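Participant: Supplied in structure tokens, the structure appears directly below.
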Amino acid sequence: MAGASVKVAVRVRPFNSREIGKESKCIIQMSGNTTTIINPKQAKDNKSFNFDYSYWSHTSPEDINFASQLQVYKDIGEEMLLHAFEGYNVCIFAYGQTGAGKSYTMMGKQDVKDQQGIIPLLCEDLFTKFNDNADNSMSYSVEVSYMEIYCERVRDLLNPKNKGNLRVREHPLMGPYVEDLSKLAVTAYNDIQDLMDSGNKARTVAATNMNETSSRSHAVFNIIFTQKRYDAETDNTSEKVSKISLVDLAGSERADSTGAKGTRLKEGANINKSLTTLGKVISALAEVDSGPNKNKKKKKVESFIPYRDSVLTWLLRENLGGNSRTAMVAALSPADINYDETLSTLRYADRAKQIRCNAVINEDPNNRLVRELKEEVSRLKDLLFAQGLGDIIEMTNAMTGMSPSPSLSALSSRAGSIASLHDRIMFSPGSEEAIERLKETEKIIAELNETWEEKLRRTEAIRMEREALLAEMGVAMREDGGTVGVFSPKKTPHLVNLNEDPLMSECLLYYIKDGITRVGRVDASSRQDIVLSGHFIKDEHCTFTSSTGPMGETVVLEPCEGAETYVNGKLVTEPTVLKSGNRIILGKSHVFRFNHPVQARAERERTPCAETPAEPVDWAFAQRELLDKQGIDMKQEMEQRLQELEDQYRKEREEANNLLEQQRLDYESKLEALQKQVDSYYPEAPDEEEEPEEEVQWTERERELAVWSFRKWRCYQFTSLRDLLWGNAIFLKEANAISVELKKKVQFQFVLLTDTLYSPLPPDLLPPEATKDREKRHFPRTIVAVEVQDQKNGATHYWTLQKLRQRLDLMREMYDRAADVPNNTTEDGENVMTGGDPFYDRFPWFRLVGRAFVYLSNLLYPVPLVHRVAIVSEKGEVKGFLRVAVQAISADEEAPDYGSGVRQSGTAKISFEDQQYEKFQSESCSVGLSRTGISQEELRIVEGEGQNAELGPSADEVNNNTCAAGADELETPLKSLDGPLDTTLEHLRIGNVFTFRVTVLQASSISAEYADIFCQFNFIHRHDEAFSTEPLKNTGRGPPLGFYHVQNIAVEVTKSFVDYIKTQPIVFEVFGHYQKQPFLPLCKDVISPLRPCRRQFPRVMPLSKPVPATKLTAMTRPQAGPCHCKYDLMVFFEICELEATGDYIPAVVDHRGGMPCHGTFLLHQGLQRRISVTIVHESGGDMEWKDIRELVVGRLRNTPEADETIIDPNILSLNILSAGYVRPMQDDRTFYRFEAAWDSSMHNSLLLNRVTPYGEKIYMTLSAYLEMENCLQPAIITKDICMVFYSRDTKLSASRSIRNLFGTGSLRAADGNRVTGVYEVSLCNLADAGSPGMQRRRRRVLDTSVAYVRGEENLAGWRPRSDSLILDHQWELEKLSLLQDVEKTKHYLLLREKLESTLLMGQDSLQTRITEELSESTQPPEVDHEVSSSSEIITERQRELAAKCLRLLTHSFNREYSHVCVSASESKISEMSVTMLRDSASISALNTITPSSTCPSLVDGCYGNPELRPPMPRSRAVSPSPDTQEKSINRASETKPRTRKFVPDIQEIRVSPIVSKKGYLHFLEPQTNGWVKRYVVVRRPYVYIYNTERDSVERAILNLSSAQVEYSEDQQAMLKTPYTFAVCTEHRGILLQATNDKEMHDWLYAFNPLLAGTIRSKLSRRRAGQMRM
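At position 927 of the sequence shown (counting the first as 1) the number is 912 in our numbering, and the numbers step up by one without a gap.
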């Protein structure tokens, strides 16, 4: 029998009142030893179990199958008792849920016959066998111990001294034991019964004082049974010691079924923890003893039996699979409402049945144990002797009396050396542990050697102490010292406790003795008769004085000072005579009822007919009485307390506001101090560089160039304009989307406006500070505006960004109420005219066609001139030409009669005041060329300073952006003639009245879209006055429009007037009535297919911020500079669960949402999990993953949105298991994978520790901190995970949709059990902290043009203008500057021609002087000039100027921004080119930075050094020369090693809900040169690639915003494969093939609409040409 299994019995109880009230049904059936449980939800789902015994106690005892208490004892108890007499250890424990009948089976009802449990029957039978024994050689002794395990703490229930937590220790020989646990000797069954009752009462007392409930703990009652047999022949005594462990486990329960909260929930958690550990131990032991695994895994599993996880299993280690005979009784509830708990209990018992115990007979264990302990003592002594500490042993023996001491003096001398020995112990390694072990072993030996009489005496002493302590605690004892209980005395007055729990009421009794009975705390200065604890109990609380008088014995209650004492609900402060039945409340929580037996009897005798009170006097009655009597006072106290809290809150708020204000002032003062330091530091910078200034002196020319450069740099607006474009793009998109849905036929687009001569800014577009700032600015101001194209009315308006936002609010309101407004209302034209519609503005009848400028230099000589000037629009487009005649006339000259077709006006007198003109000149000079046409540098040259005044200009200088040299050339004849004219021409003397005539002759080549044409003109600085012509009808055909408007102007000559006619023109503005034309073809393509669409798109999860790291130190993010490169990441997220095979399998993912990068993980409860993350991207030299620093999860919630402002206490840092690169077959991309272990129970979250309810989902945020090469800080990848938890046994399968069911092909399930995330990683250079320009670039402006707005899908490829708009505008400014130079040149040539004709007609003197001046200014100084060759020189000069002007006029500039690199500084070229390469959508945009090949002089002139010359244009921008690349790479590698450090930034990309196109395409594989069919979905700006149509996981992505789409018929012919096109990314090229021509063009349109439109237009032109042929 040494290897017997655990005996397992199950017992089912009758229904209780609760189950009867709920009309529960019985779900337990028993047949023999087989127990069957029926599932109440599925009647056919029955589970059967076989046990050693199955007891049917559900019915009454009259049932023939009814199992009584006696039958249970005979089957289990008698067998266990027999094993105990044989010398085996025995254990019986009961298990089951709360209320299942465990305590009834183990203890029973001792006061009812035939209902006693196993424990009392076994104890009684034990002593019955003792008494029946007739063998005189046998003697028996019994010791008992009683302990409880509550919240993993052990308490002794039999010794009142052991109040605290007892330590559980383990001895190498004895095993686990409880230190200082009382073992009391008993001689009869009544002793055991009394001890069990006292232990239970002690638990009850403890529950009252410590707020603990006995039913919440495990109770272990141990009986140590010793048999001694005396052998007379050998004179030896042999012993058998058996340990009987009777265990009453706490009830297993569920928190949701018991409704436990607070402390009860914590207790339940500890109970379930110990019972769970017990279950784990039973399961592990069952695995060890199971057949198939016994030989294979025994050693492996044994080492993992978790005995130490709980105090209960640790103490019962020998009883579970050890040296013990063990029986288990499982108590069952028959009700269907407890199905889950009952099934769990049956499975628990079924596992326990498989445990096998190796019990042995304990023969002479004491002798053997004493021998082994003595050997250990001798070994420890030898160890101490070896360390030189032998005298410690002798001293210890002398002090404990174990060995005799020679004398007391010797003992005292030894005691005097304790201090020195203590020092030796401290410096001896291991000596303290050895001495502690020695004392522990000797203590055990002394306990084992204790005689039986000594144990009896010690038991009696402990009993006396226990009685005294219980009497002090209020528990009364009978006079015979028997059963403990509460007994109402006959005469003595006493106090009885009242408790909120009726079962705990009247359990404590406190006697009021004769004289004074003191009540207080245990730590009072004097001893208190009644000891209480808790809040509001004073050290000396009150006294009860009992005295005998003529009226009999009276008791007076006298409270101490400051003690709260209530009698019958009234606060007592003076001595009060108590009457029997009074309610006494001490402090706040101790409630008693005063009983005086003598007074009660006398009262009953006096009034024998007294009625029984209607309401029992209990705790609730006392509390209500207190509230009734103290209600007014309590109300006042609450109001007073509330007022105090309000005052305190108000005071703290004022203090916080004052502190905040003080901190604000402190910070402002610190900022001012820092600003002063900066201001004082920077002016000192030139002083530090005094030595270089002394060594290198600047010339005046160099200083002026430096000032000009500084002013130019200061007004540089590229970054600020780009920030405005990026930041307001989302508003522009929203306005266009609303316009399309409401059918407003209005289109909005960004436009840049610069204050120039041809395009002066209107006052309403200028910012408020522009007028103040104008005098300080030396270059024209550029603003970002919104061009509103009203296609309905044929008008164009310009709005400021502020006006756009204001109108957008009105547009949103109109959109919201559009459903309630009739359609005809939106088309009503009255709103347009009155301004009620936010989409439209009032538009004038006449619109500006363009401006023209006529210079007045011919008035200096004076000669008449007829000018033909170009009418130029604000965009730099030539809209037509205007013929104007300017001539000087005498003051008394009458106007000739021109006839009826000529409009003649009178003479207008205009005054040129010097102050007004100087003010205008200061303003115009501040903006460079925008007003005067001459920069500060040119003005210096006009004054005759510098060497450039004597040199002829080159073609480069004429075309320069500053036009400085060009202007110098234009002013050369004026300079040369200026001297003589000032001295000889009398008509321009200061003070004279000078009259000249301006005749507007004709206007030609004006488009027919302008119906009525008129012209107005004036001086450039006089904006308030204008001369106007009459309007003329314009048809666009026939002869030019003849204005023939004559205007005479008389001016008093001033210095400012002479200066004006030398340098400034007259401004002519041409206006016309714009006729609405049909849409342009491009507008049709953009506007016509747009239809209102109000589809409901699937809800997308918000993008969360990263979860804070727990292990990484918080480091400040460095400032990011220019972006070095960008990569697109595709990240796979998997959650793997441990299967029965021991492998981690990816959990099933539900992709039924239909959106990419979304999915729900379907997880099981109670399984180990791992999180796996795989990063996939294109292979590149800058992207190299080094390590995964930390993986954190947190923000658990049941909604997609997370409140990121709340600090999450459930953040968990996962343990990284593996990380490294993975190289799949036939894939040239980079794969980096890492795994981490995830224990969801560590979050301590209810969302993860339960089965998710139907319709609910759990969301969690995951953040991975990855370390990259050449990066200063970790990169962060964040993903929101969606999960649903099912029970452990639920069978889950991958979701199937309709296309899954009817699709073909096969996919591995593991490939679909993942969720994808798309990210964009930017590697930015570290910002330069010292450069102000870099500080300005630090502004992190979000490019809102990629953000999705409602209705964006209706815009059909329209996008807001971005960086390319800035470059376009720079080209427009360049054109305006060149047109202005052309007009100056034409005026110069015309004046020169007129002067030459005048000289040839006879003005010889003037001709000579002019010729000499011209020859001196144009010919080299070494050429000898002669008068006789003057005509030849003039002719040569004419030929040279004619060729030069012809080359200038006929030169075709490259419209693709060819002069941007000339106008921009050299340091900005690379940055602008990178920006353009990124933003441009067409192939031609790659050539936008390079100068035109038709004008090589521009390149040679600006870049004399070949190394500084910009790159020349290539034939194919996407295919650079390999040789060039290799040379540049080699040069870069030789000169500059790769030591750059980047700042990484990873942003998750929100998937667009709009699908542009989806279908199958063929991909050319580079490894096999074969075509592979893939399913492609275009969601701009990304292309998602799948294996098949039913594939739910993205396999690859393409970023169309950074990729280049190419189509070439030559390429198709070379490959001999039709319908192909290519997509080139930065790292590789992909060749795609469609099924037919239409499909190919549809795919091209989805990938790049602009390229598709270009191809279609070429094909249409080709077909039209073929048809004509």
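C-beta atoms are modelled at their ideal positions from N, C-alpha and C, and glycine is treated no differently.
Quick caveat: nothing in here was measured; it's all calculated off a predicted structure.
By alpha-carbon positions, which one of R293, V273, S230, L231 ends up nearest to T261?
Facilitator: The shortest C-alpha separation from T261 is found at R293.
Participant: Helix or strand or just coil, what does DSSP make of Y40?
Facilitator: Y40: strand per DSSP, three-state reduction.
Participant: Would the region 131 to 151 and the region 99 to 114 be scored as touching if the rule is three or more Cβ pairs under 8 Å?
Facilitator: They do not touch, by the three-pair rule.
Participant: If you draw a straight line from the C-alpha of E71 to the C-alpha of V226, how long is it?
Facilitator: Computed Cα separation, rounded: 9 Å.
Participant: What's the call for E4, buried or exposed, on a 16-neighbour Cβ count within 10 Å?
Facilitator: Answer is buried; the Cβ neighbour count reaches 16.
Participant: Tell me, which residues are paired with I768 by DSSP?
Facilitator: I768 is bridged to L738.
Participant: Using only the alpha-carbon positions, how far apart do E128 and I208 sit?
Facilitator: Taking the straight line joining both Cα atoms gives about 6 Å.
Participant: With 16 other CB atoms within 10 Å as the buried threshold, where does W698 fall?
Facilitator: Exposed, by the Cβ-count rule.
Participant: Who pairs with R154 in a beta bridge, going by DSSP?
Facilitator: BP columns for R154 point to Y162.
Participant: Quick one: give me the first and last residue of the beta strand (DSSP E) that G1544 is part of.
Facilitator: Segment 1542 to 1549, the beta strand (DSSP E) holding G1544.
Participant: Ordered along the chain, which non-local residues of its own chain (more than five positions away) have a Cβ less than 7 Å from that of Y1569?
Facilitator: The residues are P1141, V1562, E1579, I1582.
Participant: Specify, as a first and last residue, the run of the alpha helix (DSSP H) that W1170 falls within.
Facilitator: First-last for W1170: 1170 to 1182, but that is the beta strand (DSSP E), not the alpha helix (DSSP H).
Participant: According to DSSP, simplified to helix, strand and coil, what is M91?
Facilitator: M91: helix per DSSP, three-state reduction.
Participant: Going by other Cβ atoms of all chains shown within 10 Å of its Cβ, with 16 needed for buried, is E164 buried or exposed?
Facilitator: With fewer than 16 Cβ atoms within 10 Å of its Cβ, E164 is classed as exposed.
Participant: Near C1108, which residues of its chain fall below 6 Å by C-beta distance, leaving aside the five closest residues on each side in sequence?
Facilitator: These residues qualify, in order along the chain: S1307, C1309.
Participant: Candidates Y743, E772, N713, T741: which alpha carbon is nearest Q732's?
Facilitator: Taking only the C-alpha atoms, the option nearest Q732 is E772.
Participant: Ordered along the chain, which non-local residues of its own chain (more than five positions away) have a Cβ less than 8 Å from that of T892?
Facilitator: The answer, listed in chain order, is T980, N1033, I1034, A1035.
Participant: If you draw a straight line from the alpha carbon of D1328 to that of I715, how long is it in whole angstroms?
Facilitator: Rounded to whole angstroms, D1328 to I715 spans 9 Å at the Cα level.
Participant: Where D1113 and D1212 are concerned, what is the direct C-alpha to C-alpha distance, given to the nearest angstrom?
Facilitator: Cα to Cα, D1113 sits roughly 16 Å from D1212.
Participant: Can you tell me whether Q647 is buried or exposed, with buried defined as 16 or more other CB within 10 angstroms of its CB?
Facilitator: Exposed, because fewer than 16 other Cβ atoms sit within 10 Å of the Cβ of Q647.
Participant: DSSP state of T261, grouped into three classes?
Facilitator: In the structure shown, T261 sits in a helix (DSSP, three-state: H, G or I).
Participant: Suppose you measure from the CA of S1645 to the CA of F866; what does that come to, to the nearest Å?
Facilitator: Approximately 35 Å between the Cα atoms of the pair.
Participant: So C108 is in the alpha helix (DSSP H); what residue range does that whole segment cover?
Facilitator: Run containing C108: 103 to 117, per the alpha helix (DSSP H) assignment.
Participant: Taking a contact to mean a Cβ-Cβ separation below 8 Å, would you say L1148 touches R1273 in this structure?
Facilitator: Not a contact, by the Cβ cut-off of 8 Å.
Participant: Classify R578 as buried or exposed, calling it buried when 16 or more other Cβ atoms lie within 10 Å of its own Cβ.
Facilitator: Buried: at least 16 other Cβ atoms inside 10 Å.
Participant: What whole-angstrom Cβ distance do F1042 and A988 have, given they're in contact under 8 Å?
Facilitator: Not a contact, Cβ separation roughly 28 Å.
Participant: If you check the beta carbons only, do S1230 and L1199 fall under 8 Å apart?
Facilitator: No; because the gap between Cβ atoms is not below 8 Å, this pair is not in contact.
Participant: As an exercise, report each continuous alpha helix (DSSP H) stretch of at least 4 residues that is fully enclosed by the region -13 to 67, in chain order.
Facilitator: Within the region -13 to 67, the complete alpha helix (DSSP H) runs of at least 4 residues are 2 to 6, 54 to 57.
Participant: Considering only C-alpha positions, which residue in the set V97, G6, M489, D120 is nearest to K186?
Facilitator: Nearest C-alpha to K186: M489.
Participant: Could you name each continuous alpha helix (DSSP H) segment of 4 residues or more that falls completely within the region 570 to 639, going from the start of the chain to the end?
Facilitator: DSSP runs (the alpha helix (DSSP H)) wholly in the region 570 to 639: 582 to 591.
Participant: Are the region 83 to 93 and the region 314 to 326 touching by the rule of at least three beta carbon pairs closer than 8 Å?
Facilitator: Flag = yes, the region 83 to 93 and the region 314 to 326 touch.
Participant: When you compare each of I515, I501, G500 to V507 by their alpha carbons, which one comes out closest?
Facilitator: Cα-wise, what sits closest to V507 is I515.
Participant: Who are the Cβ neighbours of K1360 in its own chain at under 6 Å, not counting the five residues just before and after it?
Facilitator: Once the five neighbours on either side are set aside, the close Cβ partners of K1360 are G861.
Participant: Excluding the 5 residues preceding and the 5 following V345 in the sequence, name in chain order all residues of the same chain whose CB lies nearer than 6 Å to its CB.
Facilitator: Contacts found: N308.
Participant: Are F558 and F529 closer than 8 Å when you measure CB to CB?
Facilitator: The amino acid at residue 558 is misidentified as Phe; the sequence shows Thr. Result no, Cβ atoms of T558 and F529 do not sit closer than 8 Å.
Participant: I'd like to check one pair, L158 with L354: are the Cβ atoms closer than 8 Å?
Facilitator: Cβ atoms of L354 and L158: closer than 8 Å.
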